[in-house]
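From first to last, the protein sequence lines are chains A and B.
When the first sequence is numbered by numbering that gives the first Met the number 0, its final residue is 200 and no position is left out of the sequence of numbers.
When the second sequence is numbered by numbering that gives the first Met the number 0, its final residue is 90 and no position is left out of the sequence of numbers.
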Amino acid sequence: MRILEALEEAWEELEEYVEVTNVGEILRRYFAMNAFDGALTMLGFVMGSYVSGLEDARIVLAAGLSMSLAMGVSGFVGAFITEKAERERSVRELERIMLTRLDGTVIDRASKIATLLAAIVDACAPAVAALISASPFVLVLLRVLEFKVAVYLSIGISLTFLFLLGAYLGRVAGNSSLVYGLYMLAAGLATSVLIGLIGGW
Amino acid sequence: MGEEKEVGIVRVTLDVLKPREVSLEDLALALGEVKGVETVDITVTEVDARTETLKVTVSGQGISLEELEKVMNEHSAIIRSIDAVSVGRVG
């Protein structure tokens, strides 16, 4: 019971921090932008591997996993430093206006938590999106799928993911999910066609 | 002859500055948790780009100004002045 109470208290505190820093909107933006990056990068990579004649699922997976890890680390460090700088600037500005130090107060603590949340979302969104797109190649290693089928499946998953991401943004905007989904899908298709052309050439 | 009651603060009005991001509700509820406090009234008197000026009236029995200030500071708010104090026999 005590653990539950402690968890509930921690959750309430987190909710207060999210409200104070208005970080929800920023997290949504980071998630969408970086998940888009992850899915499109993986789509490009799979298409590129395929048109250049690569037929080794292990290489695609190893490179895909490395790429996800790199995107995750890059996302975490980039967002952490950027958010930290921006939030510190905002707190210092508030301190100047209020003629007081705010270290250790709710604003200071909330800023630190918001920075960490932003970094985690920025790290996980592209990595998870890329891993989902790369998942069919695991089935090739397990001899469930043929390489070619995995390529098509991976491209299909990436394009579906892009569409769903767009649909989600459409809902956030209070606009048509279909239109936003199609925007994202168009970006994915354009990338595929471009890479296909490069492969043909 | 009953025991003599102690003198303590029963009502205090404060001029407070807080960041706009900090919710009025959270601050009021936190002040309400302070020992001896019975009611908390907060009125926003001025709104600036990043801050809000509040008139905070706290009533109760033997209110500790130090405790109130501590809670204010935890919520990134500062007491600019004490505008009114009422004391009475409490306990």
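Beta carbons: idealized from backbone N, C-alpha and C, even for Gly.
Since the structure is predicted, the reported quantities are computational estimates derived from the model, not experimental observations.
Taking buried to mean at least 16 other C-beta atoms within 10 Å of its own C-beta, is residue i buried or exposed?
{"i": "Glu82/A", "result": "buried"}
{"i": "Asn33/A", "result": "buried"}
{"i": "Glu20/B", "result": "buried"}
{"i": "Leu130/A", "result": "buried"}
{"i": "Glu4/A", "result": "exposed"}
{"i": "Val143/A", "result": "exposed"}
{"i": "Leu139/B", "result": "One cannot answer for residue 139/B here, as it falls past the ends of chain B, which runs 0 to 90."}
{"i": "Met0/A", "result": "exposed"}
In its own chain, which residues sit with a C-beta less than 8 Å from the C-beta of residue i, not counting the 5 before and 5 after it?
{"i": "Ser51/A", "result": "Gly198"}
{"i": "Gly23/A", "result": "Val17"}
{"i": "Glu87/A", "result": "Ser110"}
Are the CB atoms of residue i and residue j nearer to each other than 8 Å?
{"i": "Gln60/B", "j": "Val6/B", "result": "no"}
{"i": "Ala117/A", "j": "Ala78/A", "result": "yes"}
{"i": "Ile78/B", "j": "Leu13/B", "result": "yes"}
{"i": "Val36/B", "j": "Val55/B", "result": "no"}
{"i": "Phe30/A", "j": "Ala124/A", "result": "yes"}
{"i": "Pro18/B", "j": "Ser85/B", "result": "no"}
{"i": "Asn72/B", "j": "Thr104/A", "result": "yes"}
{"i": "Arg100/A", "j": "Glu94/A", "result": "yes"}
{"i": "Gly90/B", "j": "Lys34/B", "result": "no"}
{"i": "Leu53/B", "j": "Thr42/B", "result": "yes"}
{"i": "Val90/A", "j": "Ile106/A", "result": "yes"}
{"i": "Leu64/B", "j": "Val11/B", "result": "yes"}
{"i": "Met97/A", "j": "Thr50/B", "result": "yes"}
Name the DSSP bridge partner or partners of residue i?
{"i": "Glu5/B", "result": "Val89/B"}
{"i": "Gln83/B", "result": "Reading off the sequence, residue 83/B comes out as Ala, not Gln. Note: Ala83/B sits in a beta bridge opposite Thr12/B."}
{"i": "Thr50/B", "result": "Pro18/B"}
{"i": "Asp40/B", "result": "Thr56/B"}
{"i": "Glu201/A", "result": "What the structure shows of chain A is the stretch from 0 to 200, and residue 201/A is not part of that stretch, so it cannot be assessed."}
{"i": "Glu45/B", "result": "Thr52/B"}
{"i": "Ile77/B", "result": "Leu16/B"}
Apart from the five residues on each side of it in sequence, which residues of its chain come closer than 7 Å, Cβ to Cβ, to residue i?
{"i": "Gly187/A", "result": "Leu39, Leu42, Ser157, Leu158 and Leu161"}
{"i": "Val178/A", "result": "Gly169"}
{"i": "Ile25/A", "result": "Ala117"}
{"i": "Glu66/B", "result": "Val33 and Lys34"}
{"i": "Phe146/A", "result": "Glu54, Ala56 and Val139"}
With a CB to CB cut of under 6 Å and the five nearest residues on each side skipped, what residues in its chain are close to residue i?
{"i": "Tyr49/A", "result": "Val150"}
{"i": "Met46/A", "result": "Ser191 and Ile194"}
{"i": "Ser67/A", "result": "Ala126, Ala129 and Leu130"}
{"i": "Ala122/A", "result": "Gly71, Gly74 and Phe75"}
{"i": "Leu13/A", "result": "none"}
{"i": "Ile153/A", "result": "It is Ser, not Ile, that sits at residue 153/A in the sequence shown. Correct list, in chain order: Val45, Ser132 and Pro135."}
{"i": "Tyr182/A", "result": "Gly165"}
{"i": "Gly63/A", "result": "Ala133"}
Those runs of the beta strand (DSSP E) which lie wholly inside the region 87–147 of chain A and span at least 3 residues: none
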